[in-house]
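831 is the number that UniProt numbering gives the last residue of the sequence shown; the numbers go up by one with no jumps.
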Amino acid sequence: MTVVPVNVASLKKVKNSVIGNPSAKKQLAQDALLIQTLIACLNPHPYHEPHESSPRAEDDALRIEAAHVIASLASSEDALATLLDHEAPHAFLVAVSYLQPTDSISLRSAIVRGLRSLTMAMADIAGPSQWGLKSNKSKIRNRAKDGLSYLFQTESLDIYLPLLTDSSTQISISIAQIAAFAVRTLDHRKALAEWLPPEDRLKEAKVSRRGWEKTSVVNVNAPSRQGGWLVRHLTTLLSSRDSKLQEAALLALAALAKDNANVAGVLARPDRDHPPVLSMIVPLIKSRNTDTQLAAALCVTHIVRGSPTNTAYPIDESYIRAVLNLINGMITSPSTESTIRRTKACFILYYLITDDSTLANIAYDRGCLEKLITIVRESTPEESRAEWGEDEAESVSLLREAALVAIASISLFDNEIRRAVTDEMYFIPIIHTCLFHRHVGVRYAACQCVRALSRAVTVLRTNIVDSGLGMTIFSIFKKREEDLSIVNAALSAVCNIVINFSPLRPIYLEQGLMERLLELIRPGEPTPALRLGSLWAIKNLLRSSTTETKRSVMHQLGWDRVVQYLHTGDVDVQEQVFNILRNVAESTEGIDLIFKNVPTEVLLTHITNACTSTSDDVILQATKLLGNLINGNETHQNQIASCTKLLVNLRTCLAEGKTEVKKPASACIHQLARNSRGRRAIIEAGIIPTLRHICEWSGSGMSPSAPSPIVGSPGLSLSGRGISPGGKNWGSPAGGPSIGGGGASHTSSSHPHSLGLGSSVPWNGGSSSSHGFPHLPHYPHSVFNAHHTMPSVYQPHSAAHQHGTAMEDDREVVQNARAALDWLERGDSYA
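So, in structure tokens, the structure goes:
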């Protein structure tokens, strides 16, 4: 233990010894007494003679040096652990609370910068990482999370957030940087966005106790108005001439708008007679300062992607074009731009296009894909993983990771793009090599590329098999010592590769696929995301499989576990389990298998309850499962018909559900109407008026009892491959894009923008409504015209494509309703 005299000279010596010296920081971290002394020096000491200036000046100088040393030490994990042991976050808050406007700028800025450095260091350990993927194996991660949460409590924010409006630019920058670099979770984002100064909270509390004017006044002064106090004041800093302050404000706004519809919506829409804040940010993309340009591009990106899709103020296309122009210029200028700036440009592109087919196609059309592949190719050996340099700079690895995740995002939706990656740019050997890189982020990003490419049928059946890429990704998935983020990414690729037409499905099964999946499903095992992804893989594995495979897989999974998940699982798990059962019930043998192993009352009760679920995806999969089960034998149909509450809930789905739910619901009613007991049950459940309303709503002028042209002959299957006459097999391929469908179905490869293989396969083991990286929203597939022209405004949904699909779906619902009414009116004579 070192005994250091507490004076300015000794602390300066310590500061000079640790700045830029990791080994010195690690060594100093072992000296608990010195750390305790430094923390004690942060706060002022009482004076016996307050009129004397000398002791006060010396004390201030001591506090300044202590803050500088702690700020430098915080970047070392070992030193941060010791700082947390001695409650450094609390000590800094106390020190900030003691600051007075009359204190010197040097003292005030040093204390606030120290708080900023400590907060950022905790955020880097707590995660998630802002740029790239980092391993979460830190021993102090939970302690860092706790320390960070403490600083985001309202009482803590009351102490340091008001300093954003300080007269000192240095202090304003530090406070903005805390918001920019330390906000990593939605809870932290919400805490900052909704914070109000204590006096404003007091006014709001008084207003809330006033009766008749409560609603109108509270709405005017609500924290969300204009994005909250912090957003409003950050916005005013955008007009500053100080580039550092401008950059900090932009990055803070970006952090607050990320995945935050409330803040992003406020920044994107006009405020009375004023243009939207977004229109003030876009010009800064052309700033003379490169870092300001990147900050503005990131801010625009998070506002665009965070804004509500139903907003009345769509995003102007010029905003997106400005971001893409900047990115294209930066990633193609290795001689003029630093590696870190090119890395940020790649990540901004990824944030912009992830899970949005429209933006992915725009990026491809503007040549981003070729530039990204060039970045990876210029530093990656193609032939052998043994050629990787062990001393490669971390910045180079991070750039490669950024380029790879952007490539994966561009390739996710389009078969033409995937073929360009594999057959024109010959990129698979590069991806294969990157799977063996020592940097965790590079391996993760390479897995995401495999996941994206494996959505194409031709790529899956040729390139991925012939190159050995499919077996490599499987071996990574099976590694028990691998980083869980990489296992999860590899699992998402495996979900695609186990689809029914994959040559690797039987090989995976032989080499222990189910055993590994069951490891990740068992209670207490790694993460909910891995459990969900494993269920997703089992769902796809069962799709169009043999009866023997269904029997074997379900035996290993366990019927009791399936029932338990239906009872206690969250909505994402329930959706996958219903989908698993739906795929088992593709055939009459599979239906018998389900009724034999799951008590009928239990099965029908869960389906009944699912029909009124708060999750549209659960309702959809439950009704599609019922659509398959109802194709079983007469005994099974009678059992379903005897469940009155199920039919009542099915009527609700038919009357109030979305079109994709009405399709299987109407097919169930149609099939049940072919059964004499089913017809009585339909009448007793009051479904006939609903069927008539659907037919009348179609506006065809046809009588509900008129013969339906689609039924023609009673043996016609609406699905084209129903397993019983006239039945709808909801486990069979739908023949078109189906986000969140029952297994990964493939579309015609002749369509230039078909989703290809795996439209229901998760990006990162997520739910069917979330196909992208973690903490990012999913936007449905959009169809471009032949020339990929950009619309005048950015709309994440393709209205023409959705309208056409909806028309077809509505037509099928009406046809099913008419056919059911025909059976109900004519009975067995209809056949």
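Cβ atoms here follow ideal geometry from the backbone N, Cα and C, with glycine treated the same way.
Uninterrupted beta strand (DSSP E) stretches inside the segment 504-569 (no shorter than 3 residues):
For the segment 504-569, there is no continuous beta strand (DSSP E) assignment of 3+ residues that stays within its boundaries.
Indicate whether the contact test is met: 3 or more Cβ pairs, each with one atom in the segment 283-290 and one in the segment 303-318, closer than 8 Å.
The segment 283-290, when compared against the segment 303-318, does not touch it at the 8 Å Cβ threshold.
Does DSSP put residue 303 in a helix, in a strand, or in coil?
Within the sequence shown, the letter at position 303 stands for residue 303. DSSP places residue 303 in helix when its eight states are reduced to three.
On a CA-only basis, which of 58, 40, 76, 62 is nearest residue 21? Give me that one, please.
To locate residue 21, count along the sequence shown from 1; it is residue 21. For residue 21, the closest of 58, 40, 76, 62 by C-alpha to C-alpha distance is 76.
Go ahead and pull the three-state DSSP assignment for residue 315.
Taking the first residue of the sequence shown as 1, we reach residue 315 at position 315. If DSSP states are grouped into helix, strand and coil, residue 315 belongs with the strands.
Specify whether the segment 451-469 and the segment 477-497 touch according to this definition: at least 3 beta carbon pairs, one from each stretch, less than 8 Å apart.
As far as the Cβ criterion goes, the segment 451-469 touches the segment 477-497, which means the pair count is three or higher.
Pair within 8 Å by beta-carbon distance, residue 68 and residue 29
Against the sequence shown, residue 68 aligns to sequence position 68. Against the sequence shown, residue 29 aligns to sequence position 29. Between residue 68 and residue 29, the C-beta spacing is not below 8 Å.
Counting C-beta neighbours from all protein chains within 10 Å, is the total for residue 670 16 or more, i.e. buried, or is it exposed?
In the sequence shown, counting from the first residue as 1, residue 670 sits at position 670. Here residue 670 is buried: its Cβ has 16 or more other Cβ atoms, across all protein chains shown, within 10 Å.
Can you confirm whether the segment 294-301 touches the segment 247-259 when touching is taken to mean that 3 or more C-beta pairs between the two stretches lie within less than 8 Å?
A contact exists between the segment 247-259 and the segment 294-301.
Range of the contiguous alpha helix (DSSP H) that encloses residue 448:
Position 448 of the sequence shown, counted from the start, is the residue given in the question as residue 448. Residue 448: member of the alpha helix (DSSP H) spanning 440-453, first to last residue.
Pick helix, strand or coil for residue 274, following the three-state DSSP scheme.
Locating residue 274 in the sequence shown gives position 274, where the first residue counts as 1. Under the three-state reduction of DSSP output, residue 274 falls in the strand class.
Would you check if the segment 396-413 and the segment 91-111 touch, i.e. whether three or more CB-CB distances between them fall below 8 Å?
With contact defined as three or more Cβ pairs closer than 8 Å, the segment 91-111 and the segment 396-413 are not in contact.
Are the CB atoms of residue 604 and residue 646 nearer to each other than 8 Å?
Position 604 of the sequence shown, counted from the start, is the residue given in the question as residue 604. Position 646 of the sequence shown, counted from the start, is the residue given in the question as residue 646. Contact flag set, yes.
What does a CB cutoff of less than 7 Å around residue 625 pick up in its chain, not counting 5 residues either side in sequence?
One-based indexing of the sequence shown puts residue 625 at position 625. If you ignore the 5 residues before and after residue 625, its C-beta comes within less than 7 Å of the C-beta of 578, 581, 582, 585, 607, all in its own chain and listed in chain order.
Give me, in chain order, the residues of the same chain whose beta-carbon lies closer than 6 Å to that of residue 514; leave out the 5 immediate sequence neighbours on both sides.
As a first step, residue 514 must be located in the sequence shown, where it is residue number 514. Same-chain partners within the cutoff: 556.
Please tell me whether residue 681 and residue 641 are closer than 8 Å, where the distance is taken between their beta carbons.
Against the sequence shown, residue 681 aligns to sequence position 681. Against the sequence shown, residue 641 aligns to sequence position 641. Going by C-beta atoms, residue 681 is nearer than 8 Å to residue 641.
Roughly how many angstroms lie between the CA atoms of residue 434 and residue 478, to the nearest whole one?
Counting from 1 along the sequence shown, the entry for residue 434 is found at position 434. Counting from 1 along the sequence shown, the entry for residue 478 is found at position 478. About 18 Å.
By a C-beta neighbour count over all protein chains shown, 10 Å radius and 16 as the cutoff for buried, is residue 256 buried or exposed?
Position 256 of the sequence shown holds residue 256. By the Cβ-count criterion, residue 256 is buried, with 16 or more other Cβ atoms from all chains shown falling within 10 Å of its own Cβ.
Go through its chain and collect everything with a Cβ distance to residue 561's Cβ below 8 Å, but skip five positions before and after it.
Taking the sequence shown and counting its residues from 1, the one referred to as residue 561 is at position 561. Cβ within range, chain order: 521.
I need the boundaries of the alpha helix (DSSP H) containing residue 637, first residue and last residue.
As a position in the sequence shown, residue 637 is number 637, starting the count at 1. Under the DSSP assignment, residue 637 falls in the alpha helix (DSSP H) whose first and last residues are 634-641.
Excluding five sequence neighbours on each side, which residues of the same chain lie with their C-beta closer than 6 Å to the C-beta of residue 176?
Taking the first residue of the sequence shown as position 1, residue 176 is located at position 176. The beta carbon of residue 176 lies closer than 6 Å to those of 248, 249, 252 in the same chain, with the five residues before and after it left out.
For residue 288, which three-state DSSP category applies?
As a position in the sequence shown, residue 288 is number 288, starting the count at 1. In this structure, residue 288 counts as coil in the three-state DSSP scheme.
Whose C-beta lies closer than 8 Å to the C-beta of residue 140 among residues of the same chain, with five residues either side of it excluded?
If you number the sequence shown from 1, residue 140 lands on position 140. Sequence-distant Cβ neighbours of residue 140 in its own chain, meaning closer than 8 Å and more than five residues away, are 77, 80, 81, 84, 125.
For a test of the three-state rule: what should DSSP assign to residue 100, helix, strand or coil?
What you label residue 100 is simply residue 100 of the sequence shown in a count that begins at 1. The DSSP-derived three-state label of residue 100 is coil.
Cutoff 6 Å; reference residue 60; Cβ partners in own chain excluding five residues on either side:
In the sequence shown, the residue the question calls residue 60 occupies position 60. Apart from sequence neighbours up to five positions away, the residues of its chain that approach residue 60 with a beta-carbon distance below 6 Å are 107, ordered along the chain.
Taking 7 Å as the limit between beta carbons, can you name the residues of its chain near residue 602, skipping five residues before and five after?
Indexing the sequence shown from 1 puts residue 602 at position 602. Result list for residue 602: 563, in chain order.
What does the alpha-carbon distance come out to for the pair residue 367 and residue 465?
Mapped onto the sequence shown, residue 367 falls at position 367. Mapped onto the sequence shown, residue 465 falls at position 465. Their Cα atoms are separated by approximately 28 Å.
As assigned by DSSP and simplified to three states, the class of residue 68:
On the sequence shown, position 68 is the one that residue 68 refers to. Residue 68 falls in the helix class under three-state DSSP.
Using only CA atoms, which one of 184, 289, 473 lies nearest to residue 260?
What you label residue 260 is simply residue 260 of the sequence shown in a count that begins at 1. Of the residues 184, 289, 473, the one whose Cα lies closest to the Cα of residue 260 is 184.
So, for residue 548: in the same chain, excluding its five sequence neighbours on each side, which residues have a beta-carbon less than 6 Å away from its beta-carbon?
Against the sequence shown, residue 548 aligns to sequence position 548. There are no such residues.
Could you round the C-beta distance between residue 398 and residue 432 to whole angstroms and report it? I think they count as a contact, below 8 Å.
On the sequence shown, position 398 is the one that residue 398 refers to. On the sequence shown, position 432 is the one that residue 432 refers to. Not a contact, Cβ separation roughly 20 Å.
What residue range is occupied by the uninterrupted alpha helix (DSSP H) comprising residue 244?
Counted from its first residue, the sequence shown places residue 244 at position 244. Start and end: 243-257.
Have a look at residue 272 and residue 313 and give me their C-alpha separation to the nearest angstrom.
Translated into the one-based positions of the sequence shown, residue 272 becomes position 272. Translated into the one-based positions of the sequence shown, residue 313 becomes position 313. Rounded to whole angstroms, residue 272 and residue 313 show a C-alpha spacing of 13 Å.
Taking the C-alpha atoms as reference points, what is the distance between residue 576 and residue 643?
If you number the sequence shown from 1, residue 576 lands on position 576. If you number the sequence shown from 1, residue 643 lands on position 643. Computed Cα separation, rounded: 24 Å.
Where are the alpha helix (DSSP H) runs, 4 residues long or more, that stay fully inside the segment 91-171, in chain order?
For secondary structure counted as the alpha helix (DSSP H) over 4 or more consecutive residues, the segment 91-171 holds these complete runs in sequence order: 105-126, 141-151, 154-160.
In chain order, what residues of the same chain have a beta carbon less than 6 Å from the beta carbon of residue 811, not counting five sequence neighbours either side?
Locating residue 811 in the sequence shown gives position 811, counting from the first residue. There are no such residues.
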